[in-house]
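Numbering-wise, the numbering used here puts 61 at position 61 of the sequence shown, and it's gapless, one number per residue.
Note that beta-carbon positions come from the ideal geometry of N, C-alpha and C, so glycine has one too.
Working notes for the structure below.
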Amino acid sequence: SRRGAMHPPLVLENNPHCVEAILAFKKCHEENNYLLKTLGVCNEQKQVLDACFKSQKKIVRKEHHADAREAREKWRQKCEELGAR
Numbered sequence: 001s002r003r004g005a006m007h008p009p010l011v012l013e014n015n016p017h018c019v020e021a022i023l024a025f026k027k028c029h030e031e032n033n034y035l036l037k038t039l040g041v042c043n044e045q046k047q048v049l050d051a052c053f054k055s056q057k058k059i060v061r062k063e064h065h066a067d068a069r070e071a072r073e074k075w076r077q078k079c080e081e082l083g084a085r
C-alpha cells in the first residue's frame, strides 16, 4: 500500500466489518493535535484501519460474486423456461 494514501469515508454503516478500527482511528485524531498527527502518532491505528478495509473489501467482493452467480443462474433458468414453451 502507498504511504499516506487516503482511506474511504469513515462511515460506520458502510463499513460494518471495521467499526472498531474506525472508532479507534477517530478517537486518536480527536485526542491529538495537528502536529502530533503529522508526526505519526496515529500511524498504528491507520495501519489497522487500512488492513481492515482491505479484508472487508475481499469479503464484500466474495458476497457480490455469489449474488451475481445466483442472478445468472436465475436468468438461465428463466430463459430455459421461456425456450421450452
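Requested in this report: Evaluate I22 with the Cβ neighbour count: other Cβ atoms within 10 Å of its Cβ, from every protein chain shown; 16 or more gives buried, anything less gives exposed.
Outcome: For the purposes of this step, residue 22 is taken as residue 22 along the sequence shown, with counting starting at 1. Buried, by the Cβ-count rule.
Requested in this report: Name the two residues that bound the continuous alpha helix (DSSP H) containing E30.
Outcome: As a working note, residue 30 is residue 30 in the sequence shown. Looking at the DSSP string, the run of the alpha helix (DSSP H) that includes E30 is V19 to E31.
Report task. Please classify N15: is it buried, with 16 or more other beta-carbons within 10 angstroms of its beta-carbon, or exposed? Result -> Here the question's residue 15 lines up with position 15 in the sequence shown. Looking at its Cβ environment, which holds 16 or more other Cβ atoms inside 10 Å, N15 is buried.
Query raised in the report: Where L95 and R76 are concerned, what is the direct C-alpha to C-alpha distance, given to the nearest angstrom?
Result: The question about residue 95 has no answer, for the chain in this structure spans 1 to 85.
**Report entry** Limits of the alpha helix (DSSP H) - the one that L10 falls within
**Finding:** Taking the sequence shown and counting its residues from 1, the one referred to as residue 10 is at position 10. Looking at the DSSP string, L10 is not in any alpha helix (DSSP H), and its letter there is neither H nor E.
Report task. Might you give, ordered along the chain, the residues of its own chain that have their beta carbon closer than 7 Å to the beta carbon of C42, omitting 5 neighbours on each side? Result -> To locate residue 42, count along the sequence shown from 1; it is residue 42. Once the five neighbours on either side are set aside, the close Cβ partners of C42 are F25, C28, H29 and N32.
**Report entry** Secondary structure of N14, DSSP reduced to three states
**Finding:** Against the sequence shown, residue 14 aligns to sequence position 14. In the structure shown, N14 sits in a helix (DSSP, three-state: H, G or I).
Query raised in the report: What are the start and end residues of the alpha helix (DSSP H) that includes L35?
Result: As a working mapping, residue 35 is identified with position 35 in the sequence shown. Looking at the DSSP string, the run of the alpha helix (DSSP H) that includes L35 is Y34 to T38.
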